[in-house]
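In my numbering, the protein residues as written are 10 to 908. Backbone N, C-alpha and C define an ideal beta-carbon position, used for all residues, glycine too.
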């Protein structure tokens, strides 16, 4: 009787692809990422007990573990085939531990198998050569998880307590990345532009015939070219040698005088007679440009951003799909090797196939004598044994065009071209540098100036026939810049001397590509974490992408300042990189994980306690005085509160309460002016009345700008400026809102407090406590009150589901009146639990563990209407922060952080 085997992978897509490569004796199931994680409570990692870690199964994956347990009863052997990195190894270990606890492994053979490509040969080879679970890799993953947890559960409460940033978080790797973005912004703010000038000369080779030299004529001249000033009065010209227009004019005059230009020296064809340049020296060289190595995770993300405009998250999602298997008419096939890697090596079999394809497609002249072998620049590169490459170089992009998703095709083409190009001959250029002197003497030591013209010609394309690095498929270095044939002593026509003004520019903000490159260069994070780091920074609203560049938010700046002032050592790039090296040493069996944690924890805990005892809220207040209100004389300041940045008129010590106004989305705390702040206090304002005589007010609440009309009726302002919107536009918004409400209500039984409404998923009955579905064969508009009551009585309690808190809150106030126009905020019932999970660092991977919780407010009516309807903002305010900026009392169990 044949042995029955169960294979476990991480995703169902991968399971489906692998299933067809194995025989009927193999069942393939997915774990759906991580199956368990640290309990989302304080004390889940206990430094007093050798960092003992308390785990629990993830609720959403319990059903998958149960399915695996049932399948294992029918199997003789278990093959754990999760991804070939630390996280994958940890998933296999956690699953094996869970199955062991349930007695499901009794009498079963357990094997660990790894593969770096999902192809028939790779899968079968892995099954034939299994190994055991690597405890070193598991220990490294546990150490990383413990570090992230300890940082999150200790730093995040301090941010709440000392900086008043409720819900803010700090992370071991996230924080140094934020520091990079903030420091670049500070560089830009400090930058002072400097003026400088360059001098270019427009020259043409003089036509000759019968031994005579002729002046250039219109439409008959040989192509012109430009030469740049490189020496002036015997000195090398640097960037700031010429810094004013006057200096540039003086240099231009001397060059024109030496060259014999008569007149204004404008352009060819003008009244000015051209001058003369003499060829003083010619330097000819041949330059070879070698191809770049195949992709690592980092370089793939960088190049996909530059060439395709893909963000890191999008790139990794597409790469995951290509790795797990894509159906292009021949069944699902894994198209690329594992995409989380810092290695640039290629397997020998892959090298041979790539060379064979190059010979067939581009000729043997494009093949070097031997395969190219690359060495990674990253230390301890060990998470995968190969670079990212196509599983089969014979599967050219042309064979897939139109058969797979367009974005998948773009990324596959990029990977295929880079891998194939890496094994091709270098590109060869003939380069020439020609030094020109104004005048006819040809003596360099006598010349007032030396100008240089550079040219290059591509004589052998080599790998460039397949792939070019850079923003697109045209690189300035690769362009042919052809100069006319010249020899030393030749004379040329100098048509124009052109000074050009320049100003130095500040360093550019980080793009996703350049941030990933910087993280890699500093040794911060690892291939599997770059995308999640970026996602965390954006998701936590510490930074935003404007024109594909990272700009820190006010919240991000405050968090960074608090951490750099109080935990500078722990957000240093060198320290973070050293911790990553320690984790690599644990993975390699060179270091035990508990001593690494002990060294970190001893100093870190001391620093946490010190900050908790000595730093006060006043020490980290980011308030900035802007000036005084011209009407009242009260001070106006900008601050950060519970709901974001705001300006404050007055102080908490005044007899009258201070007034508050939120900053506009485009305004920043460190740049807002007094005049801009005063404008913010013009809200709320009355713009007129409704036809019924009710005042119409414009204001800004917690959820954005809104129009208030009637007693308690609101409509959100989405596309208009609340500071300039007029009466006519406000009335348009009100009419649109009332039409929407009218269309939403199908039946109304006000005496019973029951309505039949059109909802997101179709018509339903509600009494504000329970919701009831309507039978498909019934017209909702024909329902009777009695039928509605019967359906509501049979409906499940809302308290049992997602809106439990909402139901409890509204149950006491539900009455016999119609539902009000303003719906209460539907809070996420998982908020606390999600925050706890987030605090333990569960959101630091992309394998199915809980991700960073985000507040989600949903209601049937516009966002702006929710908060103002239930609880008005402080009188004469346009925002709801408190005068003291105090938030909820910090609680360690609500700490929120990600990696």
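Pop quiz: residue i and residue j are said to be a contact at Cβ under 8 Å. What is the actual Cβ separation, rounded to whole angstroms?
{"i": "residue 214", "j": "residue 447", "result": "The pair is not a contact, with the Cβ atoms about 16 Å apart (cut-off 8 Å)."}
{"i": "residue 419", "j": "residue 337", "result": "In fact, because the Cβ distance is near 15 Å, the residues do not count as touching under 8 Å."}
{"i": "residue 95", "j": "residue 149", "result": "5 Å"}
{"i": "residue 708", "j": "residue 647", "result": "No, residue 708 and residue 647 are not in contact; Cβ-Cβ is about 20 Å, not under 8 Å."}
{"i": "residue 405", "j": "residue 180", "result": "Not confirmed; about 42 Å, so no contact."}
{"i": "residue 670", "j": "residue 635", "result": "About 12 Å; that fails the 8 Å criterion."}
{"i": "residue 240", "j": "residue 459", "result": "4 Å"}
{"i": "residue 558", "j": "residue 519", "result": "7 Å"}
{"i": "residue 790", "j": "residue 756", "result": "6 Å"}
{"i": "residue 88", "j": "residue 16", "result": "4 Å"}
{"i": "residue 284", "j": "residue 268", "result": "3 Å"}
{"i": "residue 429", "j": "residue 297", "result": "Going by Cβ atoms, the distance from residue 429 to residue 297 rounds to 19 Å, so no, they are not a contact pair."}
{"i": "residue 658", "j": "residue 638", "result": "6 Å"}
{"i": "residue 683", "j": "residue 645", "result": "6 Å"}
Among the options, which residue has its Cα nearest to the Cα of residue i?
{"i": "residue 398", "options": "349, 283, 408, 443", "result": "349"}
{"i": "residue 529", "options": "159, 613, 385", "result": "385"}
{"i": "residue 751", "options": "496, 764, 649", "result": "764"}
{"i": "residue 374", "options": "88, 333, 301, 474", "result": "474"}
{"i": "residue 70", "options": "139, 747, 56, 39", "result": "39"}
{"i": "residue 56", "options": "14, 156, 45, 136", "result": "156"}
{"i": "residue 290", "options": "740, 771, 688, 445", "result": "445"}
{"i": "residue 253", "options": "207, 263, 245", "result": "207"}
{"i": "residue 237", "options": "520, 744, 507", "result": "507"}
{"i": "residue 187", "options": "612, 568, 591", "result": "568"}
{"i": "residue 641", "options": "660, 625, 701", "result": "660"}
{"i": "residue 526", "options": "308, 651, 725, 762", "result": "308"}
{"i": "residue 68", "options": "79, 46, 83", "result": "46"}
{"i": "residue 360", "options": "417, 395, 332", "result": "395"}
{"i": "residue 77", "options": "112, 469, 334", "result": "112"}
{"i": "residue 372", "options": "159, 622, 469, 663", "result": "469"}
{"i": "residue 84", "options": "61, 19, 119", "result": "119"}
{"i": "residue 742", "options": "731, 159, 117, 724", "result": "724"}
Need the endpoints of the alpha helix (DSSP H) that residue i sits in, please.
{"i": "residue 14", "result": "Counting along the chain, residue 14 falls outside any alpha helix (DSSP H), though it belongs to the beta strand (DSSP E) covering 14–18."}
{"i": "residue 337", "result": "First-last for residue 337: undefined, no H or E at that position."}
{"i": "residue 168", "result": "144–172"}
{"i": "residue 621", "result": "602–623"}
{"i": "residue 187", "result": "183–199"}
{"i": "residue 798", "result": "794–803"}
{"i": "residue 260", "result": "254–268"}
{"i": "residue 676", "result": "Where residue 676 is concerned, there is no enclosing alpha helix (DSSP H), given that its DSSP letter is neither H nor E."}
Who pairs with residue i in a beta bridge, going by DSSP?
{"i": "residue 767", "result": "772"}
{"i": "residue 120", "result": "88"}
{"i": "residue 463", "result": "442"}
{"i": "residue 331", "result": "Paired residue(s): none; residue 331 is not in a bridge."}
{"i": "residue 62", "result": "54"}
{"i": "residue 46", "result": "65"}
Hey, quick one: how far does the beta strand (DSSP E) through residue i stretch, first residue to last?
{"i": "residue 502", "result": "500–512"}
{"i": "residue 912", "result": "Since the first and last residues shown for the chain are 10 and 908, residue 912 lies out of range."}
{"i": "residue 780", "result": "780–782"}
{"i": "residue 709", "result": "704–710"}
{"i": "residue 209", "result": "204–214"}
{"i": "residue 248", "result": "Taken as a continuous stretch (DSSP letters only), residue 248 belongs to no beta strand (DSSP E), as it is neither H nor E."}
{"i": "residue 754", "result": "754–758"}
{"i": "residue 698", "result": "694–698"}
{"i": "residue 555", "result": "552–555"}
{"i": "residue 418", "result": "Unbroken run through residue 418 is the alpha helix (DSSP H), 415–430; no beta strand (DSSP E)."}
{"i": "residue 722", "result": "722–725"}
Check whether chain C comes within 8 Å of residue i, counting only Cβ atoms and requiring the distance to be less than that.
{"i": "residue 260", "result": "Among the chains of the structure shown, chain C does not appear; only one protein chain is present."}
Three Cβ pairs or more, each shorter than 8 Å: is that satisfied between the segment 365–381 and the segment 423–434? Segments in contact, yes.
Between the segment 86–95 and the segment 142–157, do at least 3 Cβ pairs fall closer than 8 Å? By the C-beta criterion, the segment 86–95 is judged to be in contact with the segment 142–157, since at least 3 inter-stretch pairs fall below 8 Å.
Check whether the segment 337–346 touches the segment 16–31, taking contact to mean three or more Cβ pairs, one atom from each stretch, closer than 8 Å. The segment 337–346 vs the segment 16–31: in contact.
Stretch pair the segment 308–326 + the segment 496–514: three plus CB contacts closer than 8 Å: Proximity of the segment 308–326 to the segment 496–514 falls short of the contact definition, fewer than three beta-carbon pairs being nearer than 8 Å.
Between the segment 511–520 and the segment 198–208, do three or more beta carbon pairs fall short of 8 Å? Yes, the segment 511–520 is in contact with the segment 198–208.
Taking one C-beta from the segment 348–365 and one from the segment 574–582 each time, how about it: are there three or more such pairs within less than 8 Å? Counting C-beta pairs with one atom in each stretch, the segment 348–365 and the segment 574–582 have fewer than three that are closer than 8 Å, which means they do not touch.
Is the segment 724–740 touching the segment 693–712, taking contact as three or more C-beta pairs under 8 Å? Touching, yes, given that three or more Cβ pairs across the two stretches are closer than 8 Å.
Please determine if the segment 43–56 and the segment 124–135 are in contact, where contact requires at least 3 C-beta pairs separated by less than 8 Å. No, they do not touch.
Would you call the segment 792–806 and the segment 770–782 touching, i.e. three or more CB-CB distances under 8 Å? Yes, since at least three Cβ pairs between the segment 792–806 and the segment 770–782 fall closer than 8 Å, the two stretches touch.
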